[in-house]
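A.B. asks:
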Amino acid sequence: MVSRLATEDEQLGHFLASMGRDGLKRWRRQVAATGGCAKPIRLAGSWSAQTSTGHTLAEYQGGVFVACNNRRLTVCPSCAQVYASDTFHLVRSGLTGGKGVPESVAGHVRAFATLTAPSFGPVHTQPATRTGRPRPCACGRVHSDYDAALGQPIDPAGYDYVGAVLWQAHSTELWRRFTITLARQLAGALGVSATKLGGFLRVSYAKVAEYQRRGLVHFHAVIRVDGPAGPDGPPPPDGVTVELLCRLIRSAAGAVAVVTPESDAVGVRTLRWGRQVDAEPITAGSPGDPAGLARVAGYIAKYATKGTGAISGVDRRIRHEAQIANLEVSEHHRAMIATAWRLGGLAEFAGLNLRRWAHMLGFRGHFLTKSRRYSVTFTTLRAARAEHRQAQALQRLGIADHEDLVVVNDWRMVGVGYRSQAERELAEAVSARLRPRPLGEVGADG
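Heads up: the sequence shown begins at 31 in our numbering, then just goes up one per residue.
1) If we count the other Cβ atoms within 10 Å of its Cβ and call it buried at 16 or more, is residue 273 buried or exposed?
2) Pick from 408, 392 and 391: whose alpha carbon is nearest that of residue 513?
3) Quick check: the region 252-263 against the region 128-140, are at least 3 beta-carbon pairs closer than 8 angstroms?
4) Taking the C-alpha atoms as reference points, what is the distance between residue 403 and residue 233?
5) Leaving out five residues before and five after residue 132 in sequence, what residues of the same chain have Cβ atoms less than 8 angstroms from its Cβ?
6) Closest by CA to residue 151, which one among 304, 115 and 143?
7) Taking all protein chains shown into account, do 16 or more other C-beta atoms lie within 10 angstroms of the C-beta of residue 238, making it buried, or fewer, making it exposed?
8) Using a threshold of 8 angstroms, state whether the C-beta atoms of residue 384 and residue 368 are closer than that.
9) Could you compute how far the alpha carbon of residue 124 sits from the alpha carbon of residue 406?
10) I need the DSSP call for residue 356, collapsed to helix, strand or coil.
11) Do the region 195-203 and the region 281-299 touch if we need at least three Cβ pairs shorter than 8 angstroms?
12) Please classify residue 182 as buried or exposed, where buried requires at least 16 neighbouring CB atoms within 10 angstroms.
13) What separation, rounded to the nearest whole angstrom, lies between the Cα atoms of residue 330 and residue 308?
14) Which whole runs of the alpha helix (DSSP H) in the region 106-150 are 4 residues long or more, in chain order?
15) With three or more beta-carbon pairs closer than 8 angstroms as the criterion, would you say the region 281-293 touches the region 162-179?
16) Taking 6 angstroms as the limit between beta carbons, can you name the residues of its chain near residue 245, skipping five residues before and five after?
17) Cα-Cα, which of 93, 64, 312 and 62 is closest to residue 77?
18) Taking only beta-carbon positions, decide if residue 362 is within less than 8 angstroms of chain B.
19) Would you call residue 311 buried or exposed, if buried means 16 or more other Cβ atoms sit within 10 Å of its Cβ?
20) Would the region 64-82 and the region 434-449 be scored as touching if the rule is three or more Cβ pairs under 8 angstroms?
21) What's the gap between the Cα of residue 448 and the Cα of residue 265?
22) Determine whether the beta carbon atoms of residue 67 and residue 97 lie at a separation below 8 angstroms.
23) Could you tell me which whole alpha helix (DSSP H) segments of length 4 or greater appear in the region 267-308?
24) When DSSP labels each residue in this structure, what does residue 152 get in the three-state scheme?
25) Under 7 angstroms Cβ to Cβ from residue 454, same chain only, skipping five residues before and after it: list those, please.
26) Tell me whether residue 84 is buried or exposed, calling it buried when 16 or more other Cβ atoms sit within 10 Å of its Cβ.
27) What's the C-alpha gap between residue 250 and residue 389?
28) Could you please give the first and the last residue of the uninterrupted beta strand (DSSP E) stretch that includes residue 90?
29) In the DSSP assignment, find the unbroken alpha helix (DSSP H) run with residue 182 in it and report its ends.
30) What is the DSSP secondary structure of residue 256, counted as helix, strand or coil?
31) Within 10 angstroms of its Cβ, does residue 324 collect 16 or more other Cβ (buried), or is it exposed?
32) Look at the alpha carbon of residue 318 and the alpha carbon of residue 116, and state the distance between them as a whole number of angstroms.
33) State the beta-bridge partners of residue 442 as determined by DSSP.
34) Tell me the DSSP secondary structure of residue 239 in three-state form.
35) In the DSSP assignment, find the beta strand (DSSP E) that holds residue 398 and state where it starts and stops.
36) My guess is that residue 285 and residue 211 are in contact by the Cβ rule of under 8 angstroms, so how many angstroms apart are they, rounded?
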């Protein structure tokens, strides 16, 4: 006798029946507490709220969900939304103040910079005339917005995959050298030595990496120049203008390079930024909460949640070379992954850990980074949110005196994600009701 598999409706019915009315309410509260996380960490154990004398005020024993906190939109939309909101406030506070940053930073010199990768071979693009009318790509065709060929090499055999992967792996080092050179050029513009620049100004930034269709990252950054006291003090000297900052951003980007280790297999490469370097002044739109500054913060927040963009299906590390052939990616991105894997096996590139980062096409950096003095930290924002949630929970329990309170936790991990397709679909319905709007619409209110 062959047993019949339960349908999705039957699975959902079994799940609801097994939970019971009270259990379902508790389950919904747990899903809501994670913000509708798509793949929560399941814990089992207990907690109790006690006074310092050991008197128990409230307690719970059973299972709970904890949000996965993955920043990638493709992995968990709900946690990505939280990450984007935190990013928005982190960036905006460095522009207009707030979250512990004085509002006076709005009067400091600021620019929005974009640094790109160089060309490693012609790719399919969407060129346009000065009036915006489409014109043929170098391949002779006019590509639509949804053409899968966009970003792919016109001549894959002649494309410099080794150079592309090595540039990607060294892009964060290029950024580090760019910031050092920018500071030195600012010192030169003021007529002081680089070692004494701290007595006149400090450079802060927040940057995000974004993958282009060709699989290479470029960096968007807010760069701010403060006086010697940082964001808490007056603006930089009068000689430091936003026009000077924009000019030196372009100059510093063109001045830096990284030379790769000698390799019998691939030779030596000198890696630089691409020719497309943009630097635009950031100015206040309107008093109070400038719309232009909110757009800059929202723009960076949106890209901070992206993974490798067009190369869907590679959100996790590749463990074996045999996996590469079966990845659901374009042939161009498959070639980049395979190149990263091959280079990762060469002793001269061992320090780059390219096999570990092959799924990221060789990019080894964090998608969002900032200098220490730019603004508030993620840790501070998350701690404030946790403190707020704890206060709400204690209020629901009727516990008013927090000074004499000890919370005892005893949890162990029992799994990741929901236990069945029925549970997952029901959680997705709860999550959809919790998400107020699409991630790309992060606005002035975060």
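We put the beta carbon where it would ideally sit given N, CA and C, even for glycine. Note that this is a predicted model, so its numbers are computed, not measured.
C.D. replies: The relevant details are as follows:
1) exposed
2) Coverage of the chain is limited to positions 31 through 476, which leaves residue 513 absent and any answer about it impossible.
3) yes
4) 9 angstroms
5) 261 and 262
6) 304
7) buried
8) no
9) 8 angstroms
10) helix
11) yes
12) buried
13) 15 angstroms
14) 107-126
15) no
16) 363, 366 and 391
17) 93
18) Checking the listed chains, one finds no chain B in this structure; it contains a single protein chain.
19) exposed
20) yes
21) 52 angstroms
22) yes
23) 272-285
24) coil
25) 448
26) exposed
27) 22 angstroms
28) 86-96
29) Taken as a continuous stretch (DSSP letters only), residue 182 belongs to no alpha helix (DSSP H), as it is neither H nor E.
30) strand
31) buried
32) Residue confidence for residue 318 is low, a pLDDT of 42 falling below 50, so the modelled location carries little weight and cannot support an answer.
33) 74
34) strand
35) 398-400
36) 5 angstroms
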